[in-house]
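Numbering (the working numbering), first residue to last: 35 to 159.
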């Protein structure tokens, strides 16, 4: 396995760890807290780095299949989610702070699709 792929796997797994901690801690507490943002941002950075490594491995040839489309969608939603969460924490709207976890879980579930399709497709090679 190429080293660049190993780095991508490490970063995607870190993204899963960080993002899952942020999403599930927020869901269990049912209130968005500033420390959740740390895990959302760490997850976003790790996922972005993993994506950069995959792109470097693939080169200019980008194959648009289910995994790629879901990966781009997952990264996009993760970015929107993290920026929106930051905005909500800065503004401190009590209603938004206590209902945001619904959107978090949706984004997390969408993000899991490319994580696991990548995992399973890598296992079959």
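Just so you know, even glycine gets a beta-carbon here, dropped at the ideal spot from N, CA and C.
If you're wondering where the values come from, they're calculated on a predicted model, not measured in any experiment.
(message) Judging by CA-CA distance, which residue of 153, 42, 48, 77 is the nearest neighbour of residue 116?
(response) Locating residue 116 in the chain shown gives position 82, counting from the first residue. Of the candidates 153, 42, 48, 77, the one whose C-alpha sits nearest the C-alpha of residue 116 is 77.
(request) State buried or exposed for residue 138, treating a residue as buried only when at least 16 other CB atoms are found within 10 Å of its CB. (result) Here residue 138 corresponds to residue number 104 of the chain shown, with the count starting at 1. Result: buried.
(request) Tell whether a beta-carbon distance below 8 Å holds between residue 50 and residue 85. (result) Start at 1 with the first residue of the chain shown, and residue 50 comes out as number 16. Start at 1 with the first residue of the chain shown, and residue 85 comes out as number 51. In this structure, residue 85 does not lie closer than 8 Å to residue 50 by Cβ.
(request) Go through its chain and collect everything with a Cβ distance to residue 132's Cβ below 7 Å, but skip five positions before and after it. (result) Walking along the chain shown from the start, residue 132 turns up at place 98. Hits under 7 Å: 64, 65.
(message) Let me make sure I understand the geometry here. Which of 67, 38, 53 has the alpha-carbon closest to that of residue 120?
(response) By 1-based counting over the chain shown, the position of residue 120 is 86. Ranking 67, 38, 53 by Cα distance to residue 120 puts 67 first.
(message) Please report the straight-line C-alpha distance between residue 102 and residue 148, rounded to a whole angstrom.
(response) Residue numbering aside, residue 102 sits at position 68 when the chain shown is read from its first letter. Residue numbering aside, residue 148 sits at position 114 when the chain shown is read from its first letter. Answer to the nearest angstrom: the Cα atoms are 7 Å apart.
(request) Consult DSSP for residue 98 and reduce its assignment to one of helix, strand or coil. (result) Numbered from its first residue, the chain shown carries residue 98 at position 64. DSSP places residue 98 in coil when its eight states are reduced to three.
(request) If I'm right that residue 83 touches residue 45 with Cβ under 8 Å, what's the distance once you round it to whole angstroms? (result) Locating residue 83 in the chain shown gives position 49, where the first residue counts as 1. Locating residue 45 in the chain shown gives position 11, where the first residue counts as 1. Their Cβ separation, rounded to whole angstroms, is 4 Å, which keeps residue 83 and residue 45 in contact under 8 Å.
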